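Peer 1: Please find one structure pasted underneath; my questions will follow.
In my numbering, the protein residues as written are 2 to 232.
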């Protein structure tokens, strides 16, 4: 039976941060309620998160419990106890920096083609991340070999093309956020968080290669970790 961990106050606080504070932080910081790009980002972020969790609940309800307990797994890799929170923090700093730049900075709007690509990237990132989450029953919030859940290699859906499509989606989304919100200040946290994404991808892939049965064979067929044709 799947335990319901969402009754814990810390999980409700976390959901409030993810669903309200972070997506709406540019608006809450700037008080610029006419900032259409910030509204669009907030709507996409909230809908993206909500839709992904609803789809997972319909297909893998046990995965929601697994992710809700992410900080409580004793077998999680020690390095990921640093990288997972760093990735979450870095992703949140991007819209926060954009909000402060709107108040204190000299904002220069990016061109329409750049912003169009940025918005498309944000949406694509959420779609790819959701697809990976729904496809992979073992998409935990922390890197660990889930022997308690009978973890096996997943090679369908987006995992046919890259071995870590969830990280690919996050990478694309983070880049898009800075340019869509016209924020040069947020480029620094965007670069730093994507470095965390790359490091986490490398370490997770090495862990799976060493500890998950069948993963080395899968890696031979699916050559790229993060970006098809690149790495």
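Cβ atoms here follow ideal geometry from the backbone N, Cα and C, with glycine treated the same way. No experiment lies behind these values; they were computed from the predicted model shown.
Please report the distance separating the alpha-carbon of residue 117 from that of residue 57.
Peer 2: When rounded, the distance between both Cα atoms is 29 Å.
Peer 1: Would you tell me roughly how many angstroms separate the C-alpha atoms of residue 119 and residue 180, rounded to the nearest one?
Peer 2: Each residue's alpha carbon lies about 6 Å from the other.
Peer 1: Kindly indicate which three-state DSSP category residue 63 falls into: helix, strand or coil?
Peer 2: Correct three-state label for residue 63: helix.
Peer 1: Could you work out which residue in 109, 151, 178, 128 is closest to residue 139 when comparing CA atoms only?
Peer 2: Of the candidates 109, 151, 178, 128, the one whose C-alpha sits nearest the C-alpha of residue 139 is 151.
Peer 1: Under 8 Å Cβ to Cβ from residue 176, same chain only, skipping five residues before and after it: list those, please.
Peer 2: These residues qualify, in order along the chain: 119, 122, 191, 195.
Peer 1: Just to confirm the assignment, what range does the alpha helix (DSSP H) spanning residue 159 have?
Peer 2: No alpha helix (DSSP H) contains residue 159, which DSSP labels as neither H nor E.
Peer 1: Is residue 108 helix, strand or coil by DSSP?
Peer 2: Of the three classes helix, strand and coil, the one that applies to residue 108 here is coil, per DSSP.
Peer 1: Near residue 49, what residues of its chain come up, given a Cβ to Cβ distance below 6 Å and the 5 sequence neighbours on each side ignored?
Peer 2: Cβ neighbours of residue 49 beyond the five flanking positions: 127.
Peer 1: How close, in whole Å, do the beta carbons of residue 217 and residue 103 come, if the pair is a contact with beta carbons under 8 Å?
Peer 2: Contact flag wrong, Cβ pair sits at about 48 Å.
Peer 1: Taking Cβ to Cβ, would you say residue 23 is nearer than 8 Å to residue 96?
Peer 2: Closer than 8 Å, so yes.
Peer 1: Assign residue 215 to one of three DSSP states: helix, strand, or coil.
Peer 2: Here residue 215 sits in coil by DSSP.
Peer 1: Excluding the 5 residues preceding and the 5 following residue 81 in the sequence, name in chain order all residues of the same chain whose CB lies nearer than 6 Å to its CB.
Peer 2: Here the set comprises 143, 144.
Peer 1: In this structure, does DSSP put residue 227 in helix, strand or coil?
Peer 2: In the structure shown, residue 227 sits in coil (DSSP, three-state: anything other than H, G, I, E or B).
Peer 1: What's the gap between the Cα of residue 141 and the Cα of residue 230?
Peer 2: Residue 141 and residue 230: Cα-Cα distance of roughly 26 Å.
Peer 1: Going residue by residue through the segment 127-157, where are the continuous beta strand (DSSP E) segments of at least 3 residues, counting only ones entirely within it?
Peer 2: None, since the segment 127-157 contains no complete beta strand (DSSP E) of that length.
Peer 1: Among residues of its own chain, excluding the 5 on either side of residue 124, which ones have a beta-carbon nearer than 7 Å to its beta-carbon?
Peer 2: Excluding positions up to five away in sequence, the list reads 45.
Peer 1: Quick check on the DSSP output: the alpha helix (DSSP H) that includes residue 176 runs from which residue to which?
Peer 2: Element bounds for residue 176: 166-181.
Peer 1: Taking one C-beta from the segment 151-164 and one from the segment 221-228 each time, how about it: are there three or more such pairs within less than 8 Å?
Peer 2: As far as the Cβ criterion goes, the segment 151-164 touches the segment 221-228, which means the pair count is three or higher.
Peer 1: The alpha helix (DSSP H) that contains residue 29, what's its start and end?
Peer 2: Run containing residue 29: 26-31, per the alpha helix (DSSP H) assignment.
Peer 1: Which residue from 16, 53, 200 puts its Cα closest to that of residue 88?
Peer 2: The option with the nearest alpha carbon to residue 88 is 200.
Peer 1: Using 8 Å for Cβ pairs, my map puts residue 185 next to residue 228. What's the rounded Cβ distance?
Peer 2: Not really, about 24 Å apart at Cβ, beyond 8 Å.
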